[in-house]
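Working notes, structure below.
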Amino acid sequence: MIRGIRALALCVVVAAGHVAAAQSALDSLDDLGSSDRATVERAVAALEHAPAATPDLADALFAAGRACEDTLVDPPRALALYDRIVRELPDARVATAARKRAELLRAQVGGGGEHAQQATELARLVAEANTLAPDEIVRRGDALAAVAWPGAPEAALWLAEWLRRAKRFDEAQARYDAIVQRWPGSEHATLAIRGAAGCAIEAGDWARAEALARQLPTTTTADQIVRDDLLEDAARGRSRHRWLVASYAIAFAALLAMIASLVEAALRGGRRRPRLRPPIEVAYLAPIAAVLVGVALTTHPLIAPAVIRLVGGGLVLAWLSGATLELLRARGREVRARAIAHVAVCVLAVAALGYISVVRDSLLDMVVETVRFGPE
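If you use the numbering used here, the sequence shown corresponds to residues 1313 to 1688, in order.
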């Protein structure tokens, strides 16, 4: 009887010790989000050695796995944490997510960890990309893509996407094409075709974008939606480009028309030259323009270039128009018809400049998003 009581007491003590150890490890959960690598390392180590005494430990282990991937850049260590969740806590809420991450990492690391070095190098490249020189990123990315290991297509796809974000469209397209040729029919090949279509849209190559989009599979509803969205984006981009070219032509033609009007007024009806001082129209508009530019620069930097373009173009047109009309009045010539013509030209020019501004500065998409979902 006494032996039984002692054994029961020992079990209680051991269980209490496990619970205390698990709780101590959980207390280090907040340290996983630290920017200090050593702090994250200590928190992960504490969770690695924590007993699976509470269901809450699964969430902590998953967070530790993500920290190993993102901060410590150690895919094998993250894989071990995910495998532990699946093995010891299969009923936890994050077990499914842990299983998926484990499958993804195991495909890169290898069943026996034989590709751990390459997987770690890829993770380190992704984590350090913002601090590396562009040529170094390309060199390391191409080297990882050239090695025969399961993560090679992932490395090649990441490099292609990085080149696309860097606006190096031709180099990105070359990487996308290489992925399709080297791993035809694979999931990475499909993602490469999709990325290449988006890259062509951003580069303004609408025909290539449409041709690539039509190569995408349409076996599922999601595939069909992706394909249709790319084709729609290409068509929208082509339409915007046409209107942009037309807007540039209208703005340039309006400027030439205003200059021609001033030259005609200077050459006919007398020898008086146009005065260099700003006309009354510019003197009236300049303070307003200065306020608009100042507000845009200080409170809305994203729209500042568009405001400066519109205000600057409007002031130039107002100056030319005002100088021309003053010269006509000084020589006793008819002003009414010329003023009406100037108004029409200025309206067209400002509308063209407005369209140029919203398209060049990507404001049109912002306006569309605001109309759809409301202001933030």
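C-beta atoms are modelled at their ideal positions from N, C-alpha and C, and glycine is treated no differently.
Nonlocal neighbours in the same chain, by C-beta distance under 6 Å from His-1654, ignoring five residues either side: Your numbering for residue 1654 matches position 342 in the sequence shown. Around His-1654: Ser-1633.
Could you name the residues of the same chain whose beta carbon sits closer than 7 Å to that of Arg-1494, not counting the 5 residues immediately before and after it, in chain order? Position 182 of the sequence shown, counting from 1, holds the residue named residue 1494. Excluding positions up to five away in sequence, the list is empty.
Using alpha carbons as the reference points, say which of Arg-1349, Gly-1377, Arg-1389 and Pro-1465 lies closest to Val-1406. Your numbering for residue 1406 matches position 94 in the sequence shown. Looking at the Cα atoms, Gly-1377 is the closest of the given residues.
Inter-residue Cα distance where the pair is Ala-1635 and Arg-1480: Mapped onto the sequence shown, residue 1635 falls at position 323. Mapped onto the sequence shown, residue 1480 falls at position 168. Spanning the two alpha carbons is a distance of roughly 46 Å.
Inspect the beta-carbon positions of Leu-1456 and Gln-1430 and report whether they are closer than 9 Å. One-based indexing of the sequence shown puts residue 1456 at position 144. One-based indexing of the sequence shown puts residue 1430 at position 118. In contact: Leu-1456 and Gln-1430 (Cβ atoms closer than 9 Å).
If you draw a straight line from the alpha carbon of Gln-1335 to that of Val-1385, how long is it in whole angstroms? In the sequence shown, the residue the question calls residue 1335 occupies position 23. In the sequence shown, the residue the question calls residue 1385 occupies position 73. Its pLDDT being 49, under 50, Gln-1335 is placed unreliably in this model, and the coordinates cannot settle the point.
DSSP three-state label for Ala-1534, please. For the purposes of this step, residue 1534 is taken as the residue at position 222 of the sequence shown. Helix at Ala-1534.
Please report how far the alpha carbon of Gly-1497 lies from the alpha carbon of Pro-1529, in whole angstroms. For this step, residue 1497 is matched to residue 185 along the sequence shown. For this step, residue 1529 is matched to residue 217 along the sequence shown. Roughly 10 Å between the two C-alpha positions.
Beta-carbon gap between Asp-1673 and Pro-1590 smaller than 9 Å: For the purposes of this step, residue 1673 is taken as residue 361 along the sequence shown, with counting starting at 1. For the purposes of this step, residue 1590 is taken as residue 278 along the sequence shown, with counting starting at 1. In this structure, Pro-1590 does not lie closer than 9 Å to Asp-1673 by Cβ.
Residues in its own chain within less than 6 Å of Leu-1556 by CB, not counting five upstream and five downstream? Indexing the sequence shown from 1 puts residue 1556 at position 244. Excluding sequence neighbours, Leu-1556 sits near Val-1671.
So, using beta-carbon positions, are Val-1398 and Ala-1414 closer together than 9 Å? Residue mapping note: residue 1398 aligns to position 86 of the sequence shown, counting from 1. Residue mapping note: residue 1414 aligns to position 102 of the sequence shown, counting from 1. Cβ distance < 9 Å, so Val-1398 and Ala-1414 count as in contact.
When you compare only the Cα positions, how much space is there between Gly-1507 and Thr-1533? Your numbering for residue 1507 matches position 195 in the sequence shown. Your numbering for residue 1533 matches position 221 in the sequence shown. Rounded to whole angstroms, Gly-1507 to Thr-1533 spans 19 Å at the Cα level.
CB-CB under 8 Å to Val-1662, same chain, minus the five flanking residues each way: which ones, in chain order? Within the sequence shown, residue 1662 is the residue found at index 350, counting from 1. Taken in chain order, the residues that qualify are Leu-1622, Gly-1625, Gly-1626 and Leu-1629.
For Ala-1404, count neighbouring C-beta atoms within 10 Å of its own C-beta (all shown protein chains included) and say buried if the count is 16 or more, exposed if not. What you label residue 1404 is simply residue 92 of the sequence shown in a count that begins at 1. With 16 or more other Cβ atoms within 10 Å, it is buried.
If you follow the alpha helix (DSSP H) that Glu-1473 is in, where does it begin and where does it stop? Residue numbering aside, residue 1473 sits at position 161 when the sequence shown is read from its first letter. Taken as a continuous stretch (DSSP letters only), the alpha helix (DSSP H) holding Glu-1473 covers 1464-1477.
Nearest to Arg-1476 by CA position, among Asp-1343, Gly-1510 and Glu-1448, is which residue? Your numbering for residue 1476 matches position 164 in the sequence shown. Nearest C-alpha to Arg-1476: Gly-1510.
The alpha helix (DSSP H) that contains Leu-1416, what's its start and end? For this step, residue 1416 is matched to residue 104 along the sequence shown. Start and end: 1407-1421.
For Ile-1562, I'd like the list of residues in its chain whose CB is within less than 6 Å of its CB, leaving aside the five on either flank, ordered along the chain. Here residue 1562 refers to the residue found at position 250 of the sequence shown. Leu-1660 and Ala-1664, listed in sequence order.
Near Gly-1666, which residues of its chain fall below 7 Å by C-beta distance, leaving aside the five closest residues on each side in sequence? Residue 1666 sits at position 354 when you count from the first residue of the sequence shown. Once the five neighbours on either side are set aside, the close Cβ partners of Gly-1666 are Leu-1622.
Inspect the beta-carbon positions of Val-1421 and Ala-1410 and report whether they are closer than 9 Å. One-based indexing of the sequence shown puts residue 1421 at position 109. One-based indexing of the sequence shown puts residue 1410 at position 98. No; because the gap between Cβ atoms is not below 9 Å, this pair is not in contact.
Could you tell me the alpha carbon to alpha carbon distance between His-1500 and Ile-1600, rounded to whole angstroms? Locating residue 1500 in the sequence shown gives position 188, where the first residue counts as 1. Locating residue 1600 in the sequence shown gives position 288, where the first residue counts as 1. Answer to the nearest angstrom: the Cα atoms are 54 Å apart.
Among Ala-1602, Val-1538, Ala-1512 and Thr-1432, which one has its Cα closest to the Cα of Gly-1259? Lying before the first or after the last residue shown, residue 1259 is absent from the chain, which here runs from 1313 to 1688.
Can you tell me the Cα-Cα spacing of Ala-1333 and Val-1356, whole angstroms? Looking up residue 1333 in the sequence shown gives position 21. Looking up residue 1356 in the sequence shown gives position 44. With a pLDDT of only 45 at Ala-1333, under 50, the local geometry of the prediction cannot be trusted, and no value is derived from it.
Can you give me the C-alpha to C-alpha distance between Arg-1580 and Val-1657, rounded to a whole angstrom? Residue mapping note: residue 1580 aligns to position 268 of the sequence shown, counting from 1. Residue mapping note: residue 1657 aligns to position 345 of the sequence shown, counting from 1. Take the alpha-carbon of Arg-1580 and the one of Val-1657: they are about 21 Å apart.
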